[in-house]
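Here is the structure we will look at, set down as structure tokens.
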Amino acid sequence: MLNEIRYLAAAKINLYLRVLRRLPNGYHEIDTVMQAVSLFDEVTLSPRERGIKLTCTDISLAREPIKNLAFRAAALFYQRCPNIRTGVNITLKKNIPIAAGLAGGSADAAAVLVGMNLLFGAGLSEADLCNLGVRIGMDVPFCIMGGIRRGQGMGERLSECSPMPDCRILIAIGAERINTAEAYKRLSLTGLKDAENMMLPALESGSLDNICRNLYNSFETVTESGNQIKQIMLRNGAAGALMSGSGPAVFGLFRDAESLERARAALAEKKYTTFACRAIN
């Protein structure tokens, strides 16, 4: 058994997110293209005598550990592998903003599943881990697999996409928090071609301009929270900008570091928190 596993849990952005319809189970069918980016939470796992102990740099997440996705991932792992009786320490160093549309909690859960599989030598396949992950959250299978992928169904049916061309990515977080359930209620679910006719060919072309022309997020039709951030990015050299998930995070795609830094400075003047990163393919 290993003494410790350290794992970098990557955030994601949605290059394309269309909500298609409400399902009988209350969830929504979506069509999305997700890209992992180099903004990371740091997850450290180590064995303990028994039980699950979670510590976190964000006190709000550590107060009720049983509600934390990383804790739930560990509990689910033990259900799947009942012969493993050694406990686990989970330490989260949070860098990904919470509830921002960047899948920070799902990334942590994915890191725990992958890390515990290695720590205890359980021998679960990637498919096994993804089957566990989808029981925690629809973004968890993507966070296990990483890279760039199209997500269908509720986001859990994943397929490969052409990689993004090299570019700089700037993420900015607005102060407003968006109620995801209310945003879903207000969506209009008609009138747009599917991702196969838009973002996928753009990615295949390898053209950043084509990709930026086809950025789309259904949630931008029901909230204006990211508009100011988008406009600041576009005025300062972004090739394209879009809200990620249900927000409030907004990302911009830049051809060069100079324009990214110019946009970052303009956003800092407005007191927005920013993160510079790259795509992980």
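Residues in the sequence shown are numbered consecutively from 11, following the numbering used here.
All C-beta atoms in this analysis are idealised placements derived from N, C-alpha and C, irrespective of residue type, glycine included.
Secondary structure of residue i, DSSP reduced to three states
| i | result |
| --- | --- |
| C222 | helix |
| S169 | strand |
| E74 | coil |
| Y17 | strand |
| A251 | strand |
| C153 | helix |
| N227 | strand |
| I242 | helix |
| L213 | helix |
Candidates the options, of which the one nearest residue i by Cα
| i | options | result |
| --- | --- | --- |
| R58 | N93, L79 and G97 | G97 |
| N93 | E74, I106 and N127 | N127 |
| M243 | Y282, A289, K77 and T101 | Y282 |
| L270 | L180, D68, A113 and Q238 | L180 |
| S256 | I221, G247 and Y194 | Y194 |
| D118 | C153, S228 and A251 | C153 |
| N78 | G157, A120 and K280 | A120 |
| A132 | F81, R95, A248 and V150 | R95 |
| P175 | L33, Q45 and G111 | Q45 |
| R82 | D266, K22 and S116 | S116 |
| G216 | C177, R31 and K280 | C177 |
| L71 | A278, A109 and G157 | A109 |
| I146 | E214, A84 and K280 | A84 |
Residues near residue i in its chain [Cβ-Cβ closer than 6 Å; skip 5 each side]
| i | result |
| --- | --- |
| T101 | T54 and T65 |
| R91 | According to the sequence as given, residue 91 is Cys; it is not Arg. Only A132 meet the Cβ criterion. |
Contact under 8 Å by Cβ, residue i with residue j
| i | j | result |
| --- | --- | --- |
| L27 | I40 | yes |
| L252 | N291 | no |
| A286 | R274 | yes |
| P75 | I183 | no |
| K22 | D219 | no |
| L49 | N13 | no |
Chain-order list of residues whose beta-carbon lies under 8 Å from that of residue i (same chain, five-residue window excluded)
| i | result |
| --- | --- |
| L210 | V43, R160, C171 and S172 |
| E268 | G247 |
For residue i, the first and last residue of its enclosing alpha helix (DSSP H)
| i | result |
| --- | --- |
| A185 | No alpha helix (DSSP H) holds A185; DSSP gives it neither H nor E. |
| R160 | It is not in any alpha helix (DSSP H) - R160 instead sits in the beta strand (DSSP E) that spans I158 to Q162. |
| L12 | Segment: none, L12 is in no alpha helix (DSSP H) and carries neither H nor E. |
| C140 | E136 to G143 |
| F87 | L79 to R90 |
| V122 | G114 to L129 |
Segment limits, beta strand (DSSP E) that includes residue i
| i | result |
| --- | --- |
| M44 | H38 to R58 |
| N105 | From DSSP, N105 is part of no beta strand (DSSP E); its letter is neither H nor E. |
| C287 | T283 to C287 |
| I62 | I62 to C66 |
| L33 | No beta strand (DSSP E) contains L33, which DSSP labels as neither H nor E. |
Same chain only: Cβ atoms within 7 Å of residue i, ignoring 5 sequence neighbours per side
| i | result |
| --- | --- |
| C222 | A249, G250 and L263 |
| G163 | E39 |
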